[in-house]
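Residue 8 is where the sequence shown starts when you use our numbering, and the numbers rise one by one after that.
Glycine is no exception: its CB is placed at the ideal position from the N, C-alpha and C atoms.
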Amino acid sequence: MTAGRTPTHQDVYGVAADGRFAAPGRVNLIGEHTDYNEGFVMPFALPHTTVATVSRRADRRLRLHSGDMTGGVVETDLGTLAPGSVTGWAAYPAAVAWALQSEGHELGGADIHFTSDVPVGAGLSSSAALEVVTALAFSDLNGLGLDADALARLSQRAENDFVGMPCGILDQMASAACASGHVLFLDTRDLSRRQVPFDMAAAGLRLLVVDTRVKHAHADGAYARRRAECEAGAAALGVPFLRDVPFDGLDAALARITDDAVRRRVRHIVTEDRRVERVIEHLDAGRHRAIGPLLTEGHASLRDDFEVSCPELDLVVAAANAAGALGARMTGGGFGGSAIVLVEADAAQAVETAVREAFAAAGHTAPRVFGAIPSAGARRLPL
Ligand code: ADP
Ligand code: MG
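Below, the structure written as structure tokens:
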């Protein structure tokens with residue numbers, strides 16, 4: 008290895024690569040926590056990607072290395088993979104190999120080197136980028152020909168059943184299926200979808216991502232509890248999923264739920280699905296600015312009804328809106344991570360400064376802020 012630069016696949020394994028693949032992180036414009044309720048989501052892919060450089064092996068060993076993690080190469084065997092057999096970061100790519108094999112695909116061994124510029128643990132789906140790029144690499148090198156739906160479904164299964172995180176399919180579908188310049192309108196019930204043009208620059212707008220750099224410790228347990236509360240709500244209403252509660256019948260439905268927390272969870276999901284539909288109506292009509300208030304309304308619903316926000320995320324939204332943003336909301340699962348802020352292009356700097364000052368005044372770590380450009384989904388790269 009050469010000192011002073013990031014090691015390459017050749018440095019780590021001493022062999023030439025057979026393929027290179029990329030899968031992006033994502034921002035969810037709106038439709039939060041709706042995916043495991045079979046509702047609507049609207050993600051777009053970030054330009055930030057996780058890249059997998061891969062070489063085939065003649066045996067069935069799987070070797071994994073990440074330029075972003077310490078601890079060196081993790082080595083396992085495709086024949087002995089089972090939930091719990093690989094832990095730590097390498098569980099994500101190992102999980103994908105496990106999920107592929109448990110669906111009957113035959114895999115050859117591989118040496119994989121990952122590099123990434125997706126912020127890790129920031130609510131921007133570094134985990135899905137890692138899974139989807141691994142799934143694409145295995146699909147390509149083993150001639151499986153898996154499409155975006157298959158890549159996303161098995162990546163989700165890998166995270167659910169091997170890593171042990173009961174996530175919906177939002178992140179994996181975003182990473183697998185998004186298109187440059189578009190936001191993906193996805194119905195998570197049947198994965199039907201539409202690429203909606205989303206050129207904010209042409210509309211004189213910018214979408215800022217504000218990574219709060221906090222991840223509150225109880226995030227994973229709370230996620231699982233929200234999921235259970237949504238299932239309890241659906242059961243109380245006699246529907247398969249909260250997706251099936253019509254917005255027009257919401258008041259009547261809420262009146263039938265006795266548990267206050269469950270009632271508020273239901274209200275969030277049903278109003279959030281409606282907000283996604285309204286955002287779509289605005290974007291289809293070219294009314295980009297009109298989505299701002301819906302973003303802020305969605306944040307209030309996540310904060311008050313779904314209770315997955317945190318003081319840092321609330322501060323981004325309050326400070327940005329007070330400084331003249333068109334709207335703002337947390338994005339991703341919550342309890343830290345990132346928020347998005349819609350601003351007029353010529354106000355972006357002032358809004359960013361206002362958020363930074365509010366963080367400094369509150370004694371929070373300085374946030375990371377960048378402009379988000381809707382980018383391409385998972386793809387093969389030239390070697
Ligand atoms: P998010 O998906 O919001 O970034 P998660 O907690 O779901 O956060 O996933 C983060 C985890 O995914 C990391 O702790 C690590 O285990 C794994 N991971 C993500 N990106 C990488 C990477 N480039 N290299 C190694 N592991 C990664
Ligand atoms: Mg994740």
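Residue burial classification, residue i (beta-carbon count within 10 angstroms, cutoff 16)
i    : result
Q356 : exposed
T9   : Caution is warranted here: a pLDDT of 43 is assigned to T9, below 50, making its placement in the model unreliable, and the coordinate value is therefore given only provisionally. T9 is exposed by the Cβ-count criterion.
L390 : exposed
R375 : exposed
R294 : exposed
F254 : exposed
G344 : buried
D266 : exposed
E284 : exposed
D197 : exposed
V81  : buried
T60  : buried
G211 : exposed
H223 : exposed
E39  : buried
R386 : exposed
G111 : exposed
R27  : buried
A135 : buried
C-alpha gap between residue i and residue j, whole angstroms
i    : j    : result
V120 : R70  : The identity of residue 120 in the sequence shown is His, whereas the question assumes Val. Roughly 8 Å between the two C-alpha positions.
A181 : A231 : 21 Å
S123 : V139 : 13 Å
S109 : F205 : 38 Å
V58  : T338 : 23 Å
P300 : G384 : 28 Å
D321 : T41  : 20 Å
A6   : A373 : There is simply no residue 6 to check, as the chain begins at 8 and stops at 390 in what is shown.
D25  : L151 : 16 Å
P318 : G245 : 35 Å
I190 : R160 : Correcting the residue identity first, residue 190 is Val in this sequence and not Ile. Cα to Cα, V190 sits roughly 20 Å from R160.
G79  : G86  : 22 Å
V170 : V93  : 9 Å
A106 : I380 : 32 Å
L388 : P54  : 14 Å
V19  : H225 : 36 Å
E238 : V22  : 49 Å
S62  : L36  : 36 Å
D84  : L114 : 11 Å
G378 : A208 : 10 Å
V221 : E359 : 18 Å
L261 : D251 : 14 Å
G32  : N44  : 22 Å
A229 : W96  : 21 Å
H371 : L148 : 45 Å
Whole-number beta carbon distance between residue j and residue i, since they are thought to touch under 8 Å
i    : j    : result
L302 : V277 : The pair is not a contact, with the Cβ atoms about 18 Å apart (cut-off 8 Å).
I298 : L309 : Their Cβ separation, rounded to whole angstroms, is 16 Å, which puts I298 and L309 out of contact at 8 Å.
A268 : H306 : Going by Cβ atoms, the distance from A268 to H306 rounds to 19 Å, so no, they are not a contact pair.
D66  : S132 : Going by Cβ atoms, the distance from D66 to S132 rounds to 32 Å, so no, they are not a contact pair.
V273 : I264 : 6 Å
A52  : S382 : 5 Å
F342 : V315 : 6 Å
F192 : M49  : 6 Å
H275 : D312 : 4 Å
A330 : A361 : 3 Å
D168 : P90  : 6 Å
S162 : A142 : 5 Å
L215 : V34  : With a Cβ gap of about 10 Å, L215 and V34 do not count as contacting.
Terminal residues of the alpha helix (DSSP H) in which residue i lies
i    : result
R234 : 226-244
R160 : 155-165
T360 : 355-369
L198 : No alpha helix (DSSP H) contains L198, which DSSP labels as neither H nor E.
D168 : Where D168 is concerned, there is no enclosing alpha helix (DSSP H), given that its DSSP letter is neither H nor E.
L177 : 177-184
D206 : Taken as a continuous stretch (DSSP letters only), D206 belongs to no alpha helix (DSSP H), as it is neither H nor E.
V103 : 98-109
A89  : Run containing A89: none; DSSP gives neither H nor E here.
L257 : 257-262
The beta strand (DSSP E) enclosing residue i, as first and last residue numbers
i    : result
L391 : No statement about residue 391 is possible, as the shown extent of the chain runs from 8 to 390 and does not include it.
H7   : In this structure the chain extends from 8 to 390, so residue 7 is not present and cannot be described.
S345 : 343-351
L388 : 386-388
V217 : 212-222
V19  : Note, V19: premise wrong, no beta strand (DSSP E); alpha helix (DSSP H) at 16-20.
V81  : 81-84
G378 : 375-378
beta-carbon residue i near the ligand SAH non-hydrogen atom, thresh 7 Å
i    : result
G130 : Within the structure as shown, the ligand SAH is missing, the only ligands being the ligand ADP and the ligand MG.
Inside the region 27-64 only - beta strand (DSSP E) runs reaching at least 3 residues: 50-63
Output the residue ranges of the alpha helix (DSSP H) runs that lie fully inside the region 116-149 and measure 4 residues or longer, sorted by chain position. 133-148
At which residue ranges does the region 266-337 contain complete alpha helix (DSSP H) runs of 4 or more residues, listed in the order of the chain? 267-291, 299-307, 318-329
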